[in-house]
Amino acid sequence: MQSVLIVDDNREMADSLAQIVTLLGLEARVAYGARTGMMMLQKETPDAVFLDVNMPGVDGFEVMAYLRRLPQMKNIPVIIVTSDDQPETAQKARDTGVLALIVKPTSVDRIEAALRIAGVLA
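Read in order, the letters of the sequence shown are residues 116 to 237 in my numbering.
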């Protein structure tokens, strides 16, 4: 079964994403913060990552940079899910190699479409 790692400090959002991912037939793993997500990425290689940008301490772009330094993670699709709808954030996401950016609040359709683009769903 393909797996998706969700990294978000907002427990409600992370759990909602996990529920959607599970309903779509995938395994959902959740990290409630950037540092926890980084530790999980050292131990496992998910098929895709949902990543929040605005997290305390370490932000999502720092996690993205860390992820790309791990040899096994260089080609894993990353989807940013954020409440930050500023053009600068979208540009930074493109510059760091993010596959897609979804602005919160999101929907099942948007999550499903992003996972299809990522090649995780048929």
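For every residue, glycine included, the Cβ atom is placed at its ideal position computed from N, Cα and C.
Note that the coordinates shown come from a computational prediction; the quantities given were computed from them, not determined experimentally.
Residue i - DSSP class collapsed to helix/strand/coil
| i | result |
| --- | --- |
| L216 | strand |
| T160 | coil |
| A237 | coil |
| L166 | strand |
Other residues of its chain near residue i: CB distance less than 7 Å, five sequence neighbours each side excluded
| i | result |
| --- | --- |
| S118 | L141, E142, R144, P161, D162 |
| T221 | V196 |
Cut-off 6 Å between Cβ atoms - residues of its own chain near residue i, not counting five sequence neighbours on either side
| i | result |
| --- | --- |
| G175 | L166, D167, V168 |
| V223 | I135 |
Unbroken beta strand (DSSP E) run spanning residue i, endpoints
| i | result |
| --- | --- |
| V119 | 118-122 |
First through last residue of the alpha helix (DSSP H) which encompasses residue i
| i | result |
| --- | --- |
| I226 | 223-232 |
| V136 | 126-138 |
Neighbourhood of residue i by C-beta distance below 8 Å, restricted to the same chain and skipping five residues each side
| i | result |
| --- | --- |
| R183 | K189, T211, G212 |
Contact belief for residue i with residue j at Cβ below 8 Å, rounded distance in angstroms
| i | j | result |
| --- | --- | --- |
| M179 | V193 | 6 Å |
Segment contact flag, the segment 187-194 with the segment 121-134, C-beta cutoff 8 Å, min 3 pairs
no
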